[in-house]
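This report refers to the structure that appears directly beneath it.
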Amino acid sequence: MTTEEQLVALIQEAYGDGSLGLHRGHQPVQDVLTDVLAISHDELHVRMEEKGQNLAAVATDIGIDPQTLIDALVESWSPAIDTLLKSRTITQDEADQYRDALEAAFTFRVTWDSSEETPTFSGLDT
Numbered sequence: 001m002t003t004e005e006q007l008v009a010l011i012q013e014a015y016g017d018g019s020l021g022l023h024r025g026h027q028p029v030q031d032v033l034t035d036v037l038a039i040s041h042d043e044l045h046v047r048m049e050e051k052g053q054n055l056a057a058v059a060t061d062i063g064i065d066p067q068t069l070i071d072a073l074v075e076s077w078s079p080a081i082d083t084l085l086k087s088r089t090i091t092q093d094e095a096d097q098y099r100d101a102l103e104a105a106f107t108f109r110v111t112w113d114s115s116e117e118t119p120t121f122s123g124l125d126t
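Residue 100 in this note's numbering sits at position 100 of the sequence shown; the count goes up by one each step and never skips.
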């Protein structure tokens, strides 16, 4: 991660891809889902496809606060923000705003009910 444009794209990726339906646990978030939820990828699919659960419902159903999952996802992607802050590509204030944007993206992804269109993140409001 070397540019702010790459960071914007990463945050957009955190929202997931609505066209994947309930298969929103794929891509780079799968390791975090496996670690936090402590269920197999197959079990996650059963819960999401057959039971119609989103990630928040899966977490709640197995006794995990959905915010714990959101926090873990944000933490796993925060090094990208830290890298740009350390290189002085972004300021501390911008880093905080990007962390907030990342949390909003993962909150959307975890709580997505399949009816909402995936938001577009195009960067910080200046």
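We put the CB at the ideal spot given by N, CA and C, even for glycine. Predicted model, so just to flag it, every value in this text is computed and none were measured.
Legend entry - Simplified DSSP assignment, three categories, for Ser78: helix
Inset, instruction - Would you check if the distance between the CB atom of Leu69 and the CB atom of Val110 is smaller than 8 angstroms? - result: yes
Inset, instruction - Identify the continuous alpha helix (DSSP H) that holds Asp65 and give its terminal residues. - result: Run containing Asp65: none; DSSP gives neither H nor E here.
Legend entry - C-beta atoms of Phe108 and Ile11 nearer than 8 angstroms: no
Legend entry - Backbone CA spacing between Gln67 and Arg88 [nearest angstrom]: 30 angstroms
Inset, instruction - Closer than 7 angstroms by C-beta to Leu22: which residues in its own chain qualify, once you throw out the five before and the five after it? Chain order, please. - result: Model confidence at Leu22 stands at a pLDDT of 48, short of 50, so the residue's coordinates are unreliable; what they give is reported in the following sentence. Correct list, in chain order: Met48, Glu49, Ser114.
Inset, instruction - Go through its chain and collect everything with a Cβ distance to Val58's Cβ below 6 angstroms, but skip five positions before and after it. - result: Arg47
Legend entry - Where the alpha helix (DSSP H) containing Asp93 begins and where it ends: 92-111
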